[in-house]
Structures are given as C-alpha cells and as structure tokens.
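Sequence order for the protein chains is S and R.
Just so we're on the same page, this note's numbering is the position in the first sequence counted from 1, plus 7.
Just so we're on the same page, this note's numbering is the position in the second sequence counted from 1, plus 12.
Using N, Cα and C, we set each Cβ at its ideal position, and we do this for glycine too.
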Amino acid sequence: MSHQVTGSGGKVLTLENMNPNVRKVEYAVRGAIVQRAVQIEKELKEGVKKPFTEVIKANIGDAHAMGQKPITFFRQVLALCAYPDLLEDNKFPEDAKQRARRILGACGGRSIGAYSASQGIECIRQDVSRYIEKRDGGIPSNPDNIYLSTGASDAIVTMLKLLVCGEGPDRTGVMISIPQYPLYSAALADLAAVQISYYLDEDRCWGLDVAELKRALSAARTHCNPRVICIINPGNPTGQVQSRKCIEDVIRFAKEEHLFLMADEVYQDNVYAEGCKFHSFKKVLFEMGPEFSSTVEMASFHSTSKCYMGECGFRSGYMEVINMDPEVKVQLTKLVSVRLCPPVTGQALLELVVNPPQPDEPSYSTFMKERTDVLAALAEKAGLTEKTFNTVPGIICNPVQGAMYTFPRITLPQRAIDTAKEEGLAPDMLYCMRLLEEEGICLVPGSGFGQREGTFHFRMTILPPTEKLKVVLQKIRDFHVRFTKQFS
Amino acid sequence: MKKLDSTVLARRANQIKEELRQKLRKPYKQVIDLYWGNPHAAGVKPLSFVRQVLAACLYPDLVKSNTLPVDVRQRAQSLLGECAGGSVGSYTDTAGIPEIVHRISEFITKRDGGAPSDPENIYISPGSQWSLRNILKVLVNSQASPRTGVLTPWPCYPITNFTIKELGGVTVPYYLSEEQGWELQVEELHRALDSAKGLCNPVTLYVINPGNPAGYVQSRKTMQEVIRFASEKRLSLLADEVYQECVHGEKSEFLSYKRVLSEMGPPLSDTVELASFHSASKGFMGECGLRGGYVELVNLDPDVMKCIYKLFSTDSCAPVLSQIALDLMTNPPQPGDPSYPLYSEETQHIKTMMVHNVKRVFEVLNSLPGFSCQPVEGGGFAFPRLHLPPKAIQKAKEMEMEPDLFYCMRLLEEAGVLVQPGMENGPKEGTHHIRFCIITPEDTMEEMLSRLSSFHTQFMKDFS
Numbered sequence: 008m009s010h011q012v013t014g015s016g017g018k019v020l021t022l023e024n025m026n027p028n029v030r031k032v033e034y035a036v037r038g039a040i041v042q043r044a045v046q047i048e049k050e051l052k053e054g055v056k057k058p059f060t061e062v063i064k065a066n067i068g069d070a071h072a073m074g075q076k077p078i079t080f081f082r083q084v085l086a087l088c089a090y091p092d093l094l095e096d097n098k099f100p101e102d103a104k105q106r107a108r109r110i111l112g113a114c115g116g117r118s119i120g121a122y123s124a125s126q127g128i129e130c131i132r133q134d135v136s137r138y139i140e141k142r143d144g145g146i147p148s149n150p151d152n153i154y155l156s157t158g159a160s161d162a163i164v165t166m167l168k169l170l171v172c173g174e175g176p177d178r179t180g181v182m183i184s185i186p187q188y189p190l191y192s193a194a195l196a197d198l199a200a201v202q203i204s205y206y207l208d209e210d211r212c213w214g215l216d217v218a219e220l221k222r223a224l225s226a227a228r229t230h231c232n233p234r235v236i237c238i239i240n241p242g243n244p245t246g247q248v249q250s251r252k253c254i255e256d257v258i259r260f261a262k263e264e265h266l267f268l269m270a271d272e273v274y275q276d277n278v279y280a281e282g283c284k285f286h287s288f289k290k291v292l293f294e295m296g297p298e299f300s301s302t303v304e305m306a307s308f309h310s311t312s313k314c315y316m317g318e319c320g321f322r323s324g325y326m327e328v329i330n331m332d333p334e335v336k337v338q339l340t341k342l343v344s345v346r347l348c349p350p351v352t353g354q355a356l357l358e359l360v361v362n363p364p365q366p367d368e369p370s371y372s373t374f375m376k377e378r379t380d381v382l383a384a385l386a387e388k389a390g391l392t393e394k395t396f397n398t399v400p401g402i403i404c405n406p407v408q409g410a411m412y413t414f415p416r417i418t419l420p421q422r423a424i425d426t427a428k429e430e431g432l433a434p435d436m437l438y439c440m441r442l443l444e445e446e447g448i449c450l451v452p453g454s455g456f457g458q459r460e461g462t463f464h465f466r467m468t469i470l471p472p473t474e475k476l477k478v479v480l481q482k483i484r485d486f487h488v489r490f491t492k493q494f495s
Numbered sequence: 013m014k015k016l017d018s019t020v021l022a023r024r025a026n027q028i029k030e031e032l033r034q035k036l037r038k039p040y041k042q043v044i045d046l047y048w049g050n051p052h053a054a055g056v057k058p059l060s061f062v063r064q065v066l067a068a069c070l071y072p073d074l075v076k077s078n079t080l081p082v083d084v085r086q087r088a089q090s091l092l093g094e095c096a097g098g099s100v101g102s103y104t105d106t107a108g109i110p111e112i113v114h115r116i117s118e119f120i121t122k123r124d125g126g127a128p129s130d131p132e133n134i135y136i137s138p139g140s141q142w143s144l145r146n147i148l149k150v151l152v153n154s155q156a157s158p159r160t161g162v163l164t165p166w167p168c169y170p171i172t173n174f175t176i177k178e179l180g181g182v183t184v185p186y187y188l189s190e191e192q193g194w195e196l197q198v199e200e201l202h203r204a205l206d207s208a209k210g211l212c213n214p215v216t217l218y219v220i221n222p223g224n225p226a227g228y229v230q231s232r233k234t235m236q237e238v239i240r241f242a243s244e245k246r247l248s249l250l251a252d253e254v255y256q257e258c259v260h261g262e263k264s265e266f267l268s269y270k271r272v273l274s275e276m277g278p279p280l281s282d283t284v285e286l287a288s289f290h291s292a293s294k295g296f297m298g299e300c301g302l303r304g305g306y307v308e309l310v311n312l313d314p315d316v317m318k319c320i321y322k323l324f325s326t327d328s329c330a331p332v333l334s335q336i337a338l339d340l341m342t343n344p345p346q347p348g349d350p351s352y353p354l355y356s357e358e359t360q361h362i363k364t365m366m367v368h369n370v371k372r373v374f375e376v377l378n379s380l381p382g383f384s385c386q387p388v389e390g391g392g393f394a395f396p397r398l399h400l401p402p403k404a405i406q407k408a409k410e411m412e413m414e415p416d417l418f419y420c421m422r423l424l425e426e427a428g429v430l431v432q433p434g435m436e437n438g439p440k441e442g443t444h445h446i447r448f449c450i451i452t453p454e455d456t457m458e459e460m461l462s463r464l465s466s467f468h469t470q471f472m473k474d475f476s
C-alpha cells in the first residue's frame, strides 16, 4: 500500500508500513533490563536512595568496563599511530615505534585517518594470515581470504546477508544453537531467514550431539532450505569448549548435508578448564584430509573485543573464508565496500594482536605478564563462579570451561512463574528484574538467549574484579534464597 | 554485452602503483589519486589538537606527562572520565557516550540558530553511511510488492544508490540541473515521483547538501520547496550533510535542513519526518579512517524510534575513538585555549586551500575545449562535464566501456592521474563527467590540473 493512500494526516513512517523484519529484531544483551539498569544509575546519580550504591553491569562482556586494564604495548603503538610526533619521544620503547612506523607506512598519507581498502589494509591481512598459520600448525592461510571488519558481528551479518535467499519454502534456513548469542537471532529476523534451532545438552556440559543436529535439520526441511550451520566455540552464553571429536562431527555433518559452516571463535584465547583445549575449525577441517578440506565451505570469525585484550570499544575483527566459490567471493568483496572500510584504529589494533612482542623485544616481558595475569584472573573467576553457584539450592551451574560468562540454571517456584505470566514477563526476566531492583546487579535472563521449554537461566559475566565478584556471587545467592522463599 | 565497471580502473591503478614502487619507467613518478573523498591520503594533514587528544585517550600516561598541551590533557582526562572503566576499549551506550551525544545536540542547536535538538534522537555510528543504511533498512521492505522506492539525485553518491538496491529497494532519480549550477527544481521532483507510478512505492527523498559529486550548496528557497514537497507527498526526508564544513563560494551559506524546517514553523516543523547525517570524515578533520558519524532523527513516530533503537543496539555501539572525534569536531578549541592558535591556523589553512583549489579548477577546466565546469560552491569534489568527440565515444564502445571510464583509464595510464568516472554517480544519457577530490594540498591540485590539461589536449586531438 502506498504512502499516499494510507495516512489520516498521521505519521508518514509507522509500525504498520516500516520494514516488518526490523520490527522482529530483539537483542537481549542491550534490552529492557539494561535500559532499566541505566535508569537506576541515573536515579542514583540524582541522589535517590536505594539498597545499593552502584549498579553492577554483569550483562555485557565488557572487560575494561569492569576494571580490566588494557595491554600497555598495544596502547603505546596506537598512541604513536594517532600522533606520530610522539615517535620522537624517548618514553616509548623502540619495538612500539617500529610497529607504529610499519602501520603508518601502510596507511594512505601515513595517516590512520585515511580510508583503507574495504577488505582491510593488505599488510595487516598478511599478518593475520601468518598468525592463523602459526596457530593452526602450518596449515596455509591466504590473505585474500581474510576480511577485516567492524567487530566480528559486522562480518557475521555480512556473511549471513550473502547466504540468505529464496522465497517461501525455499527460504534459507540457518542452524544456530540454543542457547545462542542473540546477534544471530536478530540478524536472522532482520534478513527474514528461517532460524533452525538445535539444542545444546545442558546435562552434558552443553555438549553438541549430532543426533540433535539431524533432528533439527530434518524437521526444518519441510518449511525451508537449510544452507548454513552456525556454531560458537568457545560458547556464548554457555561457556563450553567443544571437544575435537565434536568439531569433527560437526564438519562431517556440514559436508553430508551440504551446509555452509560459520564458526564464531571470538573467545579462542579464553579457555580455563583442565583438559579443555581450543581447536580451530579450520585446523580440524584440514587435518581431516582433502575429502573435507577441499569441499567444506566455511567462515571463521575472530575479534579484538574478548580474549585478553578486551578492546570492545575499537570494534575490530576479521573473518577467514575457506573454499568459497570465486564468483561469490566477488559479491562478498562488493558487499563489504558498502561499509567503505573498517575503522583503521581497529585494524592497527588487530595487527598488534596477531603480531605481539616477541621474546627478543623490549616490551615482551611486560606484555607476557599482563596477558598471563588477565587470563589467570579469568580462570580463577570462572572456577569461583561455578563453585559458588553450585552451593546454592535451586541453582545448577555447569563448569565455565571458556569464554566470559556463566549460564546457570535456576529453579523457580510455580508462584513466581505465575506472577511473571500475569505481569507479561518471561519468568527469568521477572527474576532478573527483581535482582536488579533489590541488589543493583544487572544480568540477562536466559529467555534472551533461548533455552529448553520449562527451564530458566540467567547469563552473568565473570568479569568483575575477584573481590567484587565474590560480593556479587554472595548477593545473588542470598537473593535466590529470598526469592524462592517469597514465592513459595 | 555487460559493460565493464570501474573496478577495472581501481585494479589498473593498484598495478601501476606497484610498478612505480618497483621503479619501472613511466612518464610520471607517482600516481595522483583523487578518486575518493579521502583527504589524508590526498596529502592533507590531520588536525594536531584532535590527534593529541586521541593519543592521550589511547595511552593515558600522556595525560600525566608534560609532552602535550594542558588543554589537550584536560580534555582527554575529562573524556576518559566519561568512558566505562576509564578506557576507550569499553563498549558504550548504544547511541553513544551520553555526555558526548548531549554535547552534539548542543552543537546542533547552536549551529541552527537555537532550534532545539533532543539528545534522545541522536545516534552515533561507524560513519554516516552506517546510520543511513540502518534508517534505509527501516524504510525499505525488501519483500514488499510493489518494491520500496527512494528518490535520489542525479548525480548521486554511489554508495547510497548501491545500499538502496542491496536492501531490495528501487532508486528513483531526480535530475539536478547542471546548467543552472546543479539547481534542484521542484518540478523535477514531481516528474520523478510521477515516473515511479506503477513501478515502485516511493517512501523517502534523499538529498545531499552540500553536494556530492556536484559542488552545489542549496539555497533556503530550494530547501523550503523540498520540505513542502516531502510534506505534501508524505515522504520522509533524508538529508546527507556530511560536507557542511566545505563551503567555498563567497555567497554560499550552509543551512541545515533541520534549521530550515524549524524556521518554517508549524505545522511543517512538527510533522515532516527528517533524518540528518553528519560525519567526522570530511570537513577540516578529514578523519575517514576513524569511521565516525551520526544521525539526528526528527518527528519520527515514538514506536518506530523504539525499533530503531533495537536495530542500532545489534551493532553494539560506534568505536569510542570515533565518538571522541565527533566530540572534538563539534567542540573544538575556543579562543583563549592554549591549542586555539594552532587549531585556528590549521583549519584556516585547509579552508584557504579548498577555496584556492576550486577557483583553479574552475579556471583551468573552463579554458579547455571539451570541458565545462560549474562553479564548485561547496562539497569535496569537482564534477566537470566532458564533451567527448564522437570518435572517442565510438572507441569506448568498441572496448565495451562507458566513455567516461575509457577517458579515466587513458588518463591514469598516460598521465598517472586517478579520478572517478561519472558513470559511478548514476547514468544520464548523452552526458559524461569525471569526479575528483578537491580537498588536497594546492601543489597537488596544481600538478593534477597540469597533467590533466596536457592529457586532455592530446586526447581531444587524437580523437578529432
């Protein structure tokens, strides 16, 4: 219906005539509970009295916001890139200056303010390739297959955009885990793709079972054309680190069912549990031999927002595409040109992440200490969180094997579930809202990520400093007991 | 037969640059690349104050040391205090750091002679095109039948046209009148809208002011006509104003669409739905690589605004350094600040440079047979018209190229000058243009014009 026909003198753009796909977009990580948290922070600033003096935002994987310090070397090089006059300043180490000169030499007009090529600065893509090769035991990586992006999210959405097509029962179906990071469900809603949910097994530490993949796929074939499988490893929100066997199973499944594999590996350095190891999908793919490595089409995603750097505010990431049809690659290259280029400061940061100080360089020992300390602190907090939650009757917490979150299961009394229904809220949203109002702790309800019917969860980050985290865990424990009693 | 597009030009340019790096002999020592609006790559220096503040924000040790001027350090310290955890590496609120968004709204109010601006209506994004794409996404329903139409100018910034199509929309061109200094005539808007009947459902009108690629600055009268047209035809208005700092014509003045709308008073000022876009990529800062832009939304339905919020939230937030760059753009050093003299000198230098360049471009190109160039009143580019001899057009056809692409390929090969063929800015039967950036040092502009003149004279001779 045209605009000229509708309209009674009211708004030109309305809910009724806007893009209906955008109406369906939800993103719980920045959703209603966070908006309430921000409101409460305002109230506190205005002097309103509350049972707490600050809101602890354990809803978002933002390490620096929780007090984690940036890596000194990275920030030194970036400062030198921003203001090259500092190259004359002897307060900066020589290895930092060398990196800065190299980066500036690759920028138009030797400035980080110049647009770069849309795919990213070439020498940085080359260094990303070398990093991947080293990580994957020598398996070759072609810089032409590397696309730098404005955070991994940008690359994920671009890839999905490329893959989604078709009409009606032929519309692209995309497999994604439940629970999942809600960027995926939001992107699929926006693109009007069909979401095919496969359930991770909570009783087996959020393990992935091929039988479940097959079940989900065959059910989906009746109403869509499944073309993609997405997997997040290490997992978000669930924190599991998939075994090598699991990864092989997924690759085999993708080959058998002719699916494009999207491997979200942004937490690859965040592995804590004994016996767990990060296996890159690409490495496993190639080690399975040419039958797989020359046929399975895949994209892997990484970012500077997580791991030990935690530089979310730079919005920097990349994807590596494998076995992509050359003509499709041409389209992909065209598509990324719409973004002009990823932020150059983020590209420079990525360069440093893949090319950190080496043992023979002056900044090495400080760098290694900072890196080790951050990862060790996260590992400690992961263990502490699991242990503490498992002492609470009504909370069951799987080991936080990796990533930055815990996703414990909470038992809610029937009266709480009923109250939530009356208030038009998901039961775990009611729980989280009450926690926010009573204790000033902001979590994200499990309903924002997806969960098995009749189960309830919340996602909490393990990022607050250890002493504060202990307090937070205790408060949640006490709240849970109170809440359970209150609604019995 | 599918015609070649200008990726062939970009590829050849990279090849030639590589050959020059390897010291292969050519009639020129380096390629003058004025293809994109990329001031720093074209030789313009970043503003010292901006870079000093960014460096101190990146490496806060600099806040404590004496290396940088005191106002730089104070500004950095204040900005870091507005970042979560005191770090530019944290996420921010979806629309941007609230204090920065607030200051941007104050800048807008001041710029617009007091017209109020609500910070709740402003979103910072990684470049203005990012927020433009988000707004277009809300407007364009890719599965609608008939498809959603967007009125866009000819000539147009190519990325916008590409984005509309990529989102499943249809571009409906309205032609600016080249001979009348690229004037937007409202009769032409009517014609364009009528032409869309039965083909698509136009929902919005996209205007660029100051222009890209054409170098016009719209008059208040034109803008009022555009606003009235949008209101009458129930179209929303998208105003791309990223070149607002680039006004060269003595008699030209940039007025924002928001201001003109506000000063037209109710009912228009309360009802016309407007999105205005600005950026740190152009103007004096020229910080394209930082990716910082914003959109201000006016008179939109509150329920639609909630959906827009959710859409922006899936992008998390704009890079923090970009947000800081926008803050510095909208709140530069003031008289009395230690950094003011240098800041003033640097910006004045860039302004003088642009005014000089557009004057030279106008003089030189209009003195060459086969070229005609409108005065460049504003914006970042010159968009002169080529009057190509029939033999050249024929040769281009044989090579399966648009004539202006053919001209640009020759210009690159023989003179080492890289400019954008006008075909990228939308087709117009029987006309050919080139686009090149004028935000470049004066001697680069002079060298480019010299090479272009020699080449052009020879080219016209060869194909006469």
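Check whether chain R comes within 8 Å of residue 305/S, counting only Cβ atoms and requiring the distance to be less than that. Here residue 305/S corresponds to residue number 298 of the first sequence, with the count starting at 1. So no, residue 305/S is outside the interface.
Could you tell me the distance, in whole angstroms, from the CA atom of residue 433/R to the CA atom of residue 225/R? Taking the second sequence and counting its residues from 1, one reaches residue 433/R at position 421. Taking the second sequence and counting its residues from 1, one reaches residue 225/R at position 213. Straight-line Cα distance between these residues: approximately 11 Å.
Between residue 33/S and chain R, is there a C-beta pair that is closer than 8 Å? The residue labelled residue 33/S in the question sits at position 26 within the first sequence. So, interface residue.
For residue 5/R, which residues does DSSP report across the bridge? Chain R is shown only over 13 to 476; residue 5/R falls outside these bounds and no answer can be derived.
Take residue 128/S and list the residues in its own chain whose beta-carbon comes closer than 6 Å to its own, dropping the five residues that flank it on each side. One-based indexing of the first sequence puts residue 128/S at position 121. Shown here for residue 128/S: same chain residues with a beta carbon closer than 6 Å to its own, the five before and five after excluded, namely 113, 354 in chain order.
Are there 16 or more other CB atoms within 10 angstroms of the CB of residue 68/S, so buried, or fewer, so exposed? Position 61 of the first sequence holds residue 68/S. Its Cβ being crowded by 16 or more others within 10 Å, residue 68/S is buried.
Within 8 Å of any Cβ in chain S, is that where the Cβ of residue 432/R sits? Reading the second sequence from its first residue, position 420 is the one you call residue 432/R. No, residue 432/R lies away from the interface with chain S (no Cβ there is under 8 Å from its Cβ).
Note down, in chain order, each residue of its chain lying with its Cβ closer than 6 Å to the Cβ of residue 234/R, except the 5 sequence neighbours on either side. Within the second sequence, numbered from 1, the residue matching residue 234/R stands at position 222. Counting only residues of its own chain and dropping the five nearest sequence neighbours on each side, residue 234/R has a CB closer than 6 Å to the CB of 196.
CB contact below 8 Å: residue 54/R versus chain S: Walking along the second sequence from the start, residue 54/R turns up at place 42. Answer yes: the Cβ-Cβ gap between residue 54/R and chain S drops below 8 Å somewhere.
Taking its Cβ as the centre, do 16 or more other Cβ atoms sit within 10 Å of residue 55/S, making it buried, or is it exposed? On the first sequence, residue 55/S is found 48 positions in, with the first residue counted as 1. Counting the other Cβ atoms within 10 Å of the Cβ of residue 55/S gives fewer than 16, which makes it exposed.
Could one say the Cβ of residue 321/S lies closer than 8 Å to chain R's Cβ atoms, at least one of them? In the first sequence, counting from the first residue as 1, residue 321/S sits at position 314. True, the Cβ-Cβ gap to chain R drops below 8 Å.
Could you tell me whether any Cβ in chain R is nearer than 8 Å to the Cβ of residue 191/S? For this step, residue 191/S is matched to residue 184 along the first sequence. No, because no Cβ of chain R sits closer than 8 Å to the Cβ of residue 191/S.
Counting along the chain, where does the beta strand (DSSP E) carrying residue 251/R start and finish? Stepping through the second sequence from its first residue, residue 251/R is reached at position 239. Taken as a continuous stretch (DSSP letters only), the beta strand (DSSP E) holding residue 251/R covers 248-252.
Using DSSP's beta-bridge definition, name the partner residues of residue 307/S. For this step, residue 307/S is matched to residue 300 along the first sequence. Under DSSP, residue 307/S shares a beta bridge with 270/S, 327/S.
May I ask you to verify whether the segment 91-109 of chain R touches the segment 241-250 of chain R, counting CB pairs closer than 8 Å and requiring at least 3? As far as the Cβ criterion goes, the segment 91-109 of chain R does not touch the segment 241-250 of chain R, which means the pair count is below three.
Please report the distance separating the alpha-carbon of residue 420/S from that of residue 237/S. Taking the first sequence and counting its residues from 1, the one referred to as residue 420/S is at position 413. Taking the first sequence and counting its residues from 1, the one referred to as residue 237/S is at position 230. Roughly 34 Å between the two C-alpha positions.
Would you list the residues sitting across from residue 148/R in a DSSP beta bridge? As a first step, residue 148/R must be located in the second sequence, where it is residue number 136. The partner list for residue 148/R (beta bridge, DSSP) is empty, contrary to what the question assumes.
Assuming residue 292/S and residue 258/S are in contact, meaning their beta carbons sit under 8 Å apart, how far apart are those beta carbons, in whole angstroms? Residue 292/S sits at position 285 when you count from the first residue of the first sequence. Residue 258/S sits at position 251 when you count from the first residue of the first sequence. About 6 Å separates the beta carbons of residue 292/S and residue 258/S, which is inside the 8 Å limit, making them a contact pair.
Collapsed DSSP secondary structure at residue 287/R in the structure displayed: The count along the second sequence starts at 1 and reaches residue 287/R at position 275. In this structure, DSSP gives residue 287/R an extended state, which the three-state scheme calls strand.
Since residue 219/R is in the beta strand (DSSP E), which residue starts that stretch and which ends it? Working through the second sequence from its first residue, we reach residue 219/R at position 207. For residue 219/R, the enclosing beta strand (DSSP E) begins and ends at 213-220.
Simplified DSSP state of residue 361/S, which is helix, strand or coil: One-based indexing of the first sequence puts residue 361/S at position 354. Of the three classes helix, strand and coil, the one that applies to residue 361/S here is helix, per DSSP.
Return the CA-CA distance between residue 225/S and residue 231/S, expressed in angstroms with no decimal places. Mapped onto the first sequence, residue 225/S falls at position 218. Mapped onto the first sequence, residue 231/S falls at position 224. Taking the straight line joining both Cα atoms gives about 10 Å.
Specify, as a first and last residue, the run of the beta strand (DSSP E) that residue 366/R falls within. Stepping through the second sequence from its first residue, residue 366/R is reached at position 354. Boundaries around residue 366/R are those of the alpha helix (DSSP H), 352-378, since no beta strand (DSSP E) includes it.
For residue 144/R, tell me which candidate among 129/R, 126/R, 154/R, 179/R has the shortest Cα-Cα distance. Residue numbering aside, residue 144/R sits at position 132 when the second sequence is read from its first letter. When only C-alpha atoms are compared, the closest one is 179/R.
Assess, as a yes-or-no matter, whether the segment 68-83 of chain S is touched by the segment 321-339 of chain S under the definition of 3 or more beta carbon pairs within less than 8 Å. No: the two stretches stay apart, fewer than three of their Cβ pairs being nearer than 8 Å.
Burial state of residue 282/S (16 or more Cβ within 10 Å): Taking the first residue of the first sequence as 1, we reach residue 282/S at position 275. Flag for residue 282/S reads exposed.
Between the CA atoms of residue 201/R and residue 237/R - distance to the nearest angstrom: Along the second sequence, read from residue 1 onward, the residue named residue 237/R stands at position 225. Along the second sequence, read from residue 1 onward, the residue named residue 201/R stands at position 189. Approximately 10 Å, taken between the alpha carbons.
Is residue 161/S buried or exposed, if buried means 16 or more other CB atoms sit within 10 Å of its CB? Translated into positions along the first sequence, residue 161/S becomes position 154. Residue 161/S sits buried, since 16 or more C-beta atoms from the chains shown fall within 10 Å of its C-beta.
Chain R within 8 Å of residue 339/S, Cβ atoms only: For the purposes of this step, residue 339/S is taken as residue 332 along the first sequence, with counting starting at 1. Not one chain R Cβ lies under 8 Å of residue 339/S.
From 155/R, 126/R, 107/R, residue whose alpha carbon lies closest to that of residue 132/R: Locating residue 132/R in the second sequence gives position 120, where the first residue counts as 1. Here the closest residue by C-alpha is 107/R.
Between residue 193/R and residue 391/R, what straight-line distance do the alpha-carbon atoms span, to the nearest angstrom? Along the second sequence, one-based indexing puts residue 193/R at 181. Along the second sequence, one-based indexing puts residue 391/R at 379. Spanning the two alpha carbons is a distance of roughly 13 Å.
Between the segment 161-193 of chain R and chain S, which residues of the former have a C-beta closer than 9 Å to a C-beta of the latter? Along the segment 161-193 of chain R, going in chain order, the ones with a CB nearer than 9 Å to a CB of chain S are 171, 174, 175, 178, 179.
Which residues in chain R sit within 7 Å of residue 67/S, going by Cβ to Cβ distance? Taking the first sequence and counting its residues from 1, one reaches residue 67/S at position 60. Chain R residues near residue 67/S: 103.
Please list the residues of the segment 115-145 of chain S that have a C-beta atom closer than 7 Å to any C-beta atom in chain R, keeping them in chain order. Contact residues of the segment 115-145 of chain S toward chain R are 115, 116, 118, 119, 120, 121, 122, 123 (C-beta to C-beta distance below 7 Å).
How many Å lie between residue 93/S and residue 99/S at the Cα? Against the first sequence, residue 93/S aligns to sequence position 86. Against the first sequence, residue 99/S aligns to sequence position 92. The alpha-carbon atoms of residue 93/S and residue 99/S are separated by roughly 8 Å.
Residue 270/R, buried or exposed, once every other Cβ within 10 Å from all chains shown has been counted against 16: Position 258 of the second sequence, counted from the first residue, corresponds to residue 270/R. By the neighbour-count rule (16 or more Cβ atoms within 10 Å), residue 270/R is buried.
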